Structure formats: C-alpha cells, structure tokens
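For the sequence shown, my numbering begins at 7 and goes up steadily by one.
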Amino acid sequence: MSLSLIFRLQAAFAGMWALQLVFIPEMVFTQYNWTPSFELVALAQACGTAMAGLAIINYGLPKWTNADQLKTAAKSAALIAGLFSILQLYQILGSGAAPGAAMDWISTVITIGFVALFFIKSNQSA
C-alpha cells in the first residue's frame with residue numbers, strides 16, 4: 007500500500023466525519039446519548055469544518071510533495087492520528103463521554119491503524 011493511498015484513505019475517513027459533524031450532528035449526538043443544543047451543534051459544525059480542512063490537506067499532499075517530503079508529512083499525520091486515538095480512548099475508557107459501543111471501537115481501531123500505517127510507511131526506505 008503506497009503512502010499516497012494511505013493519505014487519500016485518511017482524507018476519505020476525515021471527510022466522512024466532516025460531513026456528519028457539519029450536516030447531521032444530531033445523529034452523532036444520538037450515538038453518544040448527548041442532548042443536542044444550539045451551542046453543541048455549532049461546536050460540532052466548527053469541528054467538522056476543521057476536519058474537512060484536514061481531509062483536503064491529506065488528499066492534496068501526495069500531489070503537492072515529492073516522496074521524501076511526503077514521508078516527512080506522514081510523520082506529522084501519524085502524530086495527529088495518534089492524538090485523535092488518545093482522545094478516543096480517553097473518552098471511551100476514562101471520561102465516559104463515549105459509550106464504548108461498537109462504532110466507537112471501530113473508529114478508534116481505524117484511527118490507530120492510520121497511526122501505524124503512516125509511521126511504518128514514513129520510516130521505510132525507497
């Protein structure tokens with residue numbers, strides 16, 4: 007699997023989150039048993055917009071960089087995915103903000119998978 011493909015797959019995953027957070031945040035809140043409020047919807051839409059920005063950057067990076075630059079960017083992408091993974095695990099296991107349902111774990115495993123793929127591919131020789 008090429009590093010370019012990993013970036014594009016991560017962009018698609020982030021794009022799915024962005025669409026949900028911007029256009030159907032109430033559905034996301036229902037999964038977590040949260041009560042939607044005007045403020046919470048506005049915050050979700052802001053986070054979704056930021057996630058859309060991440061998706062756009064990750065989709066474009068393979069076109070904008072050479073192979074060595076993409077490997078350097080992959081290290082940062084691994085760190086970002088790692089931070090998301092830590093947050094997801096904390097919300098499931100620590101704070102209880104996420105109920106730990108199957109969808110929570112699937113999303114967390116996918117995110118950890120991106121950490122591993124970005125890290126491994128960024129450290130491989132050509």
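Using N, Cα and C, we set each Cβ at its ideal position, and we do this for glycine too. Quick caveat: nothing in here was measured; it's all calculated off a predicted structure.
Item                                                                                              : Value
Could you compute how far the alpha carbon of Ala56 sits from the alpha carbon of Val115?         : 22 Å
Roughly how many angstroms lie between the CA atoms of Asn64 and Gln16, to the nearest whole one? : 7 Å
So, Ala20 versus Leu60, is the Cβ gap smaller than 8 Å?                                           : yes
Express the C-alpha separation of Thr78 and Ile150 in angstroms, rounding to a whole number.      : Absent from the model: residue 150. The displayed extent of the chain is 7 to 132, so no value can be given.
Measure the Cβ-Cβ separation of Thr106 and Ile98 and say whether it is below 8 Å.                 : The sequence shown places Gly at residue 106, not Thr. Closer than 8 Å, so yes.
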